[in-house]
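*Asks:* In the working numbering, the protein residues as written are 941 to 990.
One structure, pasted below without further comment.
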């Protein structure tokens with residue numbers, strides 16, 4: 941399966957060692973569609989090259 945999504949993260953300082961996830965939202969830009977392993981890898985490789 942492949943999809944294109946946008947993720948928005950809000951982190952909060954808590955005084956501890958690491959920031960904490962306060963809120964997140966995911967927006968689907970292109971819905972999930974079936975794909976072969978070769979198609980998914982080709983898409984991944986094209987993204988890395990850009």
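Glycine included, every Cβ here is placed at the ideal spot set by N, Cα and C.
Mind checking who residue 963 pairs with in its DSSP beta bridge?
*Replies:* Beta-bridge pairing links residue 963 to 950.
*Asks:* Specify, as a first and last residue, the run of the alpha helix (DSSP H) that residue 987 falls within.
*Replies:* Looking at the DSSP string, the run of the alpha helix (DSSP H) that includes residue 987 is 977–989.
*Asks:* Helix, strand or coil: which one does DSSP assign to residue 971?
*Replies:* If DSSP states are grouped into helix, strand and coil, residue 971 belongs with the strands.
*Asks:* At the level of alpha carbons, what is the spacing between residue 985 and residue 978?
*Replies:* Cα to Cα, the separation comes out at about 10 Å.
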